[in-house]
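Visitor: Pasting a structure here, questions to come.
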Amino acid sequence: MASVRRFVFATPRAAAARTVRAHAFLGGALLVYQRAVVTELSRRLGLAISAPAEADLVDLESIAAGEPGLLFLCGLPYVRTRDAGLTLEPLAAPVSIDYADESPGYHSLLLGSPRFGGATIDQLTALRLGINSYDSMSGWVLPAGEGMPLDRFLSTTITGTHRRSLASLLAGELDAAPIDSMLLACEAITTPAFAELPALAAYGPSPSPPVVLVGDDPELAQRLRQALTSLHEDSSGRAALALGCMARFDAMHDGDYDWIRECDRRAATCTPS
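So the sequence shown is numbered by this note's numbering: it starts at 488 and just counts up by one.
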């Protein structure tokens, strides 16, 4: 009697049982919104996605090389990691409520000490600059790549986070700091004084930080992209987006981030080694 070969095929129920890990790289002020978005994705897709946990960029390569994961990631480490050969698939990027009629984008706002109200960067000199990192898109690469006048600064302090930069401006410990406009909107919810800091200049727009899938799963990527870009179509999705001051997600692809690659090349010419 001939032997019978048995084949086991994955079913939608079995696929849904897999847990997709979510990681957040964009700052604690956005975490409530990101967790609400993940809750909506899980509900709509019947997919187990872990609540996003704050992650460190030093772990990005190991996360990108592992099991399927959902990443809320800045565009700069996205392009650098993808161009290094790792498989990252951009799914969608958020559109701010303040720019709801535009494509996904944000600015680096060069905020000043409260004493500089009404001034512009061209009117000031010998300033104490604070940046969160030389590897930050909004904190350095975007303004440096877009022509921030570095001769206006007497010193540069690395603060480590946008929140520390904002707090240092309020305390008078810094004179100026480039801040992510999307992050600022959420930071100002809990600390309204941040919204009162004067803007000395604005740089950008740059493409918004993408939601990224790692793990090389095209079918899962398409399902997640479709769910993200339809969140704004019902009340529960809009409520999740509103927690981050976002209007919707638009679909994104790798070529949408070529602008960041070019800006990174320009900024490299004035970034300390």
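Note that CB positions come from ideal geometry on N, CA and C, so glycine has one too. Just so we're clear, the structure is a prediction, and the values are computed from it rather than from any experiment.
Quick check: the Cα distance between A672 and G731, rounded to an integer number of angstroms?
Guide: The residue labelled residue 672 in the question sits at position 185 within the sequence shown. The residue labelled residue 731 in the question sits at position 244 within the sequence shown. If you take the alpha carbons of A672 and G731, they lie about 8 Å apart.
Visitor: Just the Cα atoms here: how many angstroms apart are T643 and E633?
Guide: The residue you call residue 643 lines up with position 156 of the sequence shown. The residue you call residue 633 lines up with position 146 of the sequence shown. When rounded, the distance between both Cα atoms is 18 Å.
Visitor: Classify V545: buried if its beta carbon has 16 or more other beta carbons within 10 angstroms, exposed otherwise.
Guide: For the purposes of this step, residue 545 is taken as residue 58 along the sequence shown, with counting starting at 1. Counting Cβ neighbours within 10 Å, V545 comes out exposed, since fewer than 16 surround it.
Visitor: Would a C-beta distance cut-off of 8 Å place L611 and L718 closer than the cut-off?
Guide: Position 124 of the sequence shown, counted from the start, is the residue given in the question as residue 611. Position 231 of the sequence shown, counted from the start, is the residue given in the question as residue 718. Their beta carbons are not under 8 Å apart, which means L611 does not touch L718 by this criterion.
Visitor: For T498 and Y586, I'd like the C-alpha separation in whole angstroms.
Guide: On the sequence shown, position 11 is the one that residue 498 refers to. On the sequence shown, position 99 is the one that residue 586 refers to. At T498, the pLDDT of 38 sits below 50, so the modelled position is not reliable and the matter cannot be decided from this model.
Visitor: Taking Cβ to Cβ, would you say G605 is nearer than 8 Å to P685?
Guide: What you label residue 605 is simply residue 118 of the sequence shown in a count that begins at 1. What you label residue 685 is simply residue 198 of the sequence shown in a count that begins at 1. Yes. Within cutoff.
Visitor: With DSSP as the reference, label M624 as helix, strand or coil.
Guide: Reading the sequence shown from its first residue, position 137 is the one you call residue 624. Of the three classes helix, strand and coil, the one that applies to M624 here is helix, per DSSP.
Visitor: Relative to the alpha-carbon of E683, which residue among D543, R639, L596 has its alpha-carbon at the smallest distance?
Guide: On the sequence shown, residue 683 is found 196 positions in, with the first residue counted as 1. Closest option to E683, Cα to Cα, is L596.
Visitor: From which residue to which residue does the alpha helix (DSSP H) around A551 run?
Guide: Against the sequence shown, residue 551 aligns to sequence position 64. It spans 547-551 - the alpha helix (DSSP H) in which A551 sits, taken as one unbroken run.
Visitor: Could you compute how far the alpha carbon of P630 sits from the alpha carbon of D751?
Guide: In the sequence shown, residue 630 corresponds to position 143, counting from 1. In the sequence shown, residue 751 corresponds to position 264, counting from 1. P630 and D751: Cα-Cα distance of roughly 10 Å.
Visitor: May I ask you to report which of helix, strand or coil DSSP gives A503?
Guide: Locating residue 503 in the sequence shown gives position 16, where the first residue counts as 1. In this predicted model, A503 has a pLDDT of only 44, less than 50, meaning its place in the structure is not dependable; the value taken from the coordinates is given anyway. It is helical.
Visitor: Please determine, among S549, T677, H510, L534, the residue with the shortest C-alpha to C-alpha distance to T568.
Guide: Within the sequence shown, numbered from 1, the residue matching residue 568 stands at position 81. Checked all of S549, T677, H510, L534; the closest Cα to T568 is S549.
Visitor: Just tell me which of P665, E589, H594 has its CA closest to the CA of N619.
Guide: Position 132 of the sequence shown, counted from the start, is the residue given in the question as residue 619. That would be P665, whose Cα lies nearest to the Cα of N619.
Visitor: Going by CA-CA distance only, name the one from L707, Y593, Q521 that's closest to E541.
Guide: For the purposes of this step, residue 541 is taken as the residue at position 54 of the sequence shown. The residue with the shortest Cα to Cα distance from E541 is Q521.
Visitor: Run the CB neighbour count on R500, radius 10 Å, all protein chains shown included, and call it buried at 16 or more, exposed below.
Guide: As a working mapping, residue 500 is identified with position 13 in the sequence shown. Legend: pLDDT at R500 = 39, less than 50; position of this residue unreliable, value from coordinates given subsequently. Counting Cβ neighbours within 10 Å, R500 comes out exposed, since fewer than 16 surround it.
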